[in-house]
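Here is the structure we will look at, set down as structure tokens.
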Amino acid sequence: MSFETISVIGLGYIGLPTAAAFAARKKKVIGVDVNQQTVDIINKGEIHIVEPELDMVVHAAVTEGYLRATTSPEPADAFLVAVPTPFKENHEPDLSYIQAAVDAIAPVLKQGDLVILESTSPVGATEMMAEWLASARPDLTFPQDAGENSDISVAHCPERVLPGHVMRELVENDRIVGGMTSSCARRSVELYRTFVEGECIVTDARTAEMCKLTENAFRDVNIAFANELSVICDKLDINVWELIGLANRHPRVSILQPGPGVGGHCIAVDPWFIVSRTPELAKLIKTAREVNDDKPHRVIDQVKISIQEYLQNNLDKNIKDVCVACYGLAFKADIDDLRESPALLIAQKIAQEHAGDVVFVEPNDEQLSAGVLGAARQCALSEAMEKADIHVLLVDHKEFNDNVDKFSELEYLTDTRGLVK
Ligand code: SAJ
26 MSFETISVIG LGYIGLPTAA AFAARKKKVI GVDVNQQTVD IINKGEIHIV EPELDMVVHA
86 AVTEGYLRAT TSPEPADAFL VAVPTPFKEN HEPDLSYIQA AVDAIAPVLK QGDLVILEST
146 SPVGATEMMA EWLASARPDL TFPQDAGENS DISVAHCPER VLPGHVMREL VENDRIVGGM
206 TSSCARRSVE LYRTFVEGEC IVTDARTAEM CKLTENAFRD VNIAFANELS VICDKLDINV
266 WELIGLANRH PRVSILQPGP GVGGHCIAVD PWFIVSRTPE LAKLIKTARE VNDDKPHRVI
326 DQVKISIQEY LQNNLDKNIK DVCVACYGLA FKADIDDLRE SPALLIAQKI AQEHAGDVVF
386 VEPNDEQLSA GVLGAARQCA LSEAMEKADI HVLLVDHKEF NDNVDKFSEL EYLTDTRGLV
446 K
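End of the sequence shown = 446 in the working numbering, gap-free, step of one.
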């Protein structure tokens, strides 16, 4: 059976681009979000997030009548659940958004429907989702009980797109399709083939869940190695950027870049889903998380040392006279996303603790809401460079790269990204 109507539950950084990708292939798409404002913006053909090319695709899809948003689910042939899966205070995964999505779609499910969990999830979450659906709809059969012949098909197909390149990677990346049965997988492949040009590789739901977590944990562990090296090199008075450049000349060595820590809603979160299921076994993965979470505090210590050196060299000044400038607040270069951003955390701590003026520069969000950094004020790059005594480079945005010569002239610079090599 082909898919006439597709419903995407959760219209965020993944759900909205996915809905738009189906609609661009002339599928009828019903986007569902709990936020009325989000729904209204999309129905106007506009978007509420920053992602290159997404605005054009959404605008065309809405204007041509292929994409419509609503707050309450309607019948469809396939449901893609793309809601957040954060962790709780104790690093345990919080599946309440998936549970809420299940409660919302269960009443409109009918025989023959396909339900796909796209949200990054701990191992076992897809089976749990199927159990929740089954208890909400005892009149329908599900794969865990009826196997290949179930009324409803269920699969896990994790998204793997890189923020900033979502529209291209959605189409080009290979897709892991974890079906609860082989017919669930077959139907999911048929659905994704609508727009995916990469390979759709079939596995079971648990392996697909673990695959997504593994990809992000792999990256986290490798960044932790680079971050640990940066702290060691600081102690041993070695330039870590030069060191990594030299080591990477070995044909089988490829070290990632140190930074102020690891941010974003994926890499800083997903490894905990492995740790929480197997705490006694996931030692390296847990340590990597701790190393990366510790890095912002190391940067703050470096800034404090830089302020002390400045005061020792300028005996006529006291701490209240010292102005600190923070360059970049986003979690990585050339985006406006502040979620889990180590740069933001560092700048906030400096703003709270420093007795003198603090200014910041964030070229990707010049309208940052007042108070995001307390009394600290946003200013232009040139003004910050001129006015501040202590400079903290936190994100390697293009605007900063373009001014690398000016950064290299700054005497008191903490360069967390190795911009000035
Ligand atoms: N970072 C470093 N050093 C590096 C690379 C990255 O410090 O050498 C930092 C960045 O500054 C940032 C963080 O790591 O703070 C994460 O950035 P990222 O570009 O590595 O990844 P994300 O979070 O934007 O997207 C990741 C991707 N996963 C992998 O590359 C394995 C993406 O493909 C996933 O779809 C996404 O997570 C997700 O949604 O899970």
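Ideal placement from N, C-alpha and C gives every residue a C-beta, glycine not left out.
Simplified DSSP assignment, three categories, for residue i
i    : result
Y91  : coil
D229 : strand
C258 : helix
L418 : strand
A350 : strand
D440 : strand
S449 : Any question about residue 449 goes unanswered here, given that the chain covers just 26 to 446.
V445 : coil
R278 : In the sequence as presented, Arg is not what sits at residue 278; that position holds Val. Of the three classes helix, strand and coil, the one that applies to V278 here is coil, per DSSP.
H41  : Here residue 41 turns out to be Leu, not His, going by the sequence shown. Three-state result, L41: helix.
S213 : helix
A313 : helix
C236 : helix
A358 : coil
I74  : coil
V429 : helix
V294 : coil
V221 : coil
L271 : helix
E334 : helix
Q392 : coil
L306 : coil
H379 : coil
P283 : coil
D341 : coil
S208 : helix
E434 : coil
Bridge-paired residues (DSSP) for residue i
i    : result
R402 : V384
I201 : I226
V57  : I34 and T95
Proximity below 8 Å, CB of residue i to CB of residue j
i    : j    : result
A380 : D421 : no
R212 : S160 : no
A230 : T151 : yes
E387 : Q373 : no
I269 : T228 : no
D102 : E184 : no
K53  : T219 : no
G286 : P367 : yes
I371 : L419 : yes
L216 : L139 : yes
A242 : G204 : no
P276 : L254 : no
V57  : T95  : yes
Any non-hydrogen atom of the ligand SAH closer than 7 Å to residue i Cβ
i    : result
D295 : Inclusion of the ligand SAH in the displayed structure is not the case, the ligand content consisting of the ligand SAJ alone.
Practice prompt. Scan the segment 98-145 and note each continuous alpha helix (DSSP H) run of 4 residues or more that stays entirely inside, going in chain order.
Written response: You should have 121-130.
Worksheet item: Any chance the segment 144-159 sits against the segment 242-262, with 3 or more Cβ pairs inside 8 Å?
Response: They do not touch, by the three-pair rule.
Worksheet item: Taking one C-beta from the segment 197-212 and one from the segment 53-67 each time, how about it: are there three or more such pairs within less than 8 Å?
Response: no
Worksheet item: At what residue ranges does the segment 134-199 contain a whole run of the alpha helix (DSSP H), taking only runs of 4 or more?
Response: 150-161, 168-171 and 191-197
Discussion item. Three or more C-beta pairs under 8 Å: does that hold for the segment 282-298 against the segment 245-256?
Written reply: yes
Worksheet item: Does the segment 103-118 come close enough to the segment 38-52 to have 3 or more Cβ pairs within less than 8 Å?
Response: Cβ pair count under 8 Å is three or more, so yes.
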